[in-house]
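The numbers in the working numbering rise by one with no breaks, and the one at position 130 of the sequence shown is 130.
Beta carbons are placed, not taken as given, at the ideal position from N, Cα and C, and that holds for glycine.
Data block below; observations after.
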Amino acid sequence: MTDTWTDPGQVLLRSRINVVPSAYRGVSVTHSTDSFTWESLTAHFTGREVYRRTRFLVVHEPNGVWLATVQRADPVPLFSPVTSVEILADPTECTFVTDASIDTAIPSNLARAAANHAPEAKAVVVEGLYSHISFILNPQPLNIHVTEVIPPTPAKLFDQVRRLLEVAEDLPPIVAHLDALTLDSFGSTIASGHYLLPCRGSDTEIIGARTSYLDQRPDREDWTMVGCERSAQIHEWFYGDHPPMVSFCPREREGSLGTATITKCCLLEESIEIENGRVVVPWGASLVDIREAINELARTWDPTWTTV
Numbered sequence: 001m002t003d004t005w006t007d008p009g010q011v012l013l014r015s016r017i018n019v020v021p022s023a024y025r026g027v028s029v030t031h032s033t034d035s036f037t038w039e040s041l042t043a044h045f046t047g048r049e050v051y052r053r054t055r056f057l058v059v060h061e062p063n064g065v066w067l068a069t070v071q072r073a074d075p076v077p078l079f080s081p082v083t084s085v086e087i088l089a090d091p092t093e094c095t096f097v098t099d100a101s102i103d104t105a106i107p108s109n110l111a112r113a114a115a116n117h118a119p120e121a122k123a124v125v126v127e128g129l130y131s132h133i134s135f136i137l138n139p140q141p142l143n144i145h146v147t148e149v150i151p152p153t154p155a156k157l158f159d160q161v162r163r164l165l166e167v168a169e170d171l172p173p174i175v176a177h178l179d180a181l182t183l184d185s186f187g188s189t190i191a192s193g194h195y196l197l198p199c200r201g202s203d204t205e206i207i208g209a210r211t212s213y214l215d216q217r218p219d220r221e222d223w224t225m226v227g228c229e230r231s232a233q234i235h236e237w238f239y240g241d242h243p244p245m246v247s248f249c250p251r252e253r254e255g256s257l258g259t260a261t262i263t264k265c266c267l268l269e270e271s272i273e274i275e276n277g278r279v280v281v282p283w284g285a286s287l288v289d290i291r292e293a294i295n296e297l298a299r300t301w302d303p304t305w306t307t308v
């Protein structure tokens with residue numbers, strides 16, 4: 001659920017979750033050699049002129065960083081006096097982070113910076129790419145799990161999700177987590193001296209055993225296949241039988257139903273499927289498919305966030 005904040009005099013922002021500026025140009029930064037209290041900070045800025053775009057103040061002082069929002073007497077003139085100040089976080093609650101990899105215009109990037117650098121902070125102010133500064137207040141991002149088989153690495157689906165979130169200005173704060181299923185770990189579930197894997201592109205070898213690849217269409221041997229339903233179908237087409245098999249289908253991952261999860265299935269060829277809180281995309285899904293999947297998770301789980 002997205003709230004657009006319009007009247008700081010009526011609704012306190014300090015208590016809201018996932019508060020992010022709609023534009024970082026509304027965040028002004030100032031430095032002071034004096035230390036402030038809540039009362040003195042409010043008194044210091046009340047009546048002072050601020051630029052008409054200014055909605056928030058990041059105040060550096062000897063004890064740390066304050067974060068506040070201000071209301072102006074008139075938004076039309078180039079400068080206007082401050083009529084009210086709401087303190088969003090004091091130096092015991094606010095952390096200032098410098099991370100040049102973060103585009104601070106993107107809510108998910110701010111949430112990721114908060115999780116990586118200051119997970120316990122009430123407010124995290126980030127100086128990021130282009131030296132632009134923004135913040136997230138009371139970060140509680142939607143955590144989504146990306147279930148994927150590796151290798152190959154990097155995990156493609158997870159990387160696609162990550163890249164989309166890094167440029168999604170219109171999505172709530174979301175942090176993606178890789179839930180990796182490794183091919184070599186599946187081999188240990190059934191002992192065999194020879195394993196058949198789906199494709200050579202995985203570049204996987206299982207220690208202590210021979211490895212063949214289904215996409216190379218090797219001569220039929222006595223092997224255990226590590227694959228999925230599509231692999232079994234291809235094997236039957238090639239050889240006319242079903243070998244002993246360990247399934248690695250990420251869609252069958254226990255515990256993923258009922259969670260905010262994106263996974264994939266090679267039996268899907270054209271579109272995504274939504275099932276009990278998770279989204280399944282085709283193997284080799286396009287960025288368009290994956291963006292649709294992220295949109296569906298955001299709609300389904302509907303995290304509260306406030307753009308201001």
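In chain order, Arg25, Gly26 place their CB closer than 6 Å to the CB of arginine 53, counting only its own chain and leaving out the 5 sequence neighbours on each side. According to the DSSP assignment, alanine 114 belongs to the alpha helix (DSSP H) that extends over 107-117. CA-to-CA, the gap between asparagine 143 and alanine 176 works out to about 6 Å. Going by beta carbons, threonine 182 and isoleucine 207 fall outside the 8 Å limit.
For the pair isoleucine 234 and valine 146, the CB atoms are not nearer than the 8 Å cut-off. Here tryptophan 66 is buried, its C-beta having at least 16 other C-beta atoms within 10 Å.
From the listed residues Trp38, Asp34, Ala73, Asn63, the smallest Cα separation to tyrosine 51 is found for Ala73. Between the stretch 155-164 and the stretch 129-136 there are fewer than three C-beta pairs closer than 8 Å, too few to call the two in contact. In this structure, the CA atom of histidine 60 is about 13 Å from the CA atom of isoleucine 133. For glutamine 160, the enclosing alpha helix (DSSP H) covers residues 156-165. The beta carbon of glutamate 273 sits closer than 6 Å to the beta carbons of Val280 from its chain, once the five residues preceding and following it are set aside; these are given in chain order.
For proline 81, the three-state secondary structure derived from DSSP is strand.
Non-local C-beta neighbours of serine 22 in its own chain, meaning closer than 7 Å and more than five positions away in sequence, comprise Thr307, Val308, ordered along the chain. Excluding residues up to 5 positions away in sequence, Ala111, Pro173, Ile174, Val175 lie with their Cβ nearer than 6 Å to the Cβ of proline 141 in the same chain. For asparagine 295, the three-state secondary structure derived from DSSP is helix.
Aspartate 215 places its beta carbon less than 8 Å from that of proline 198.
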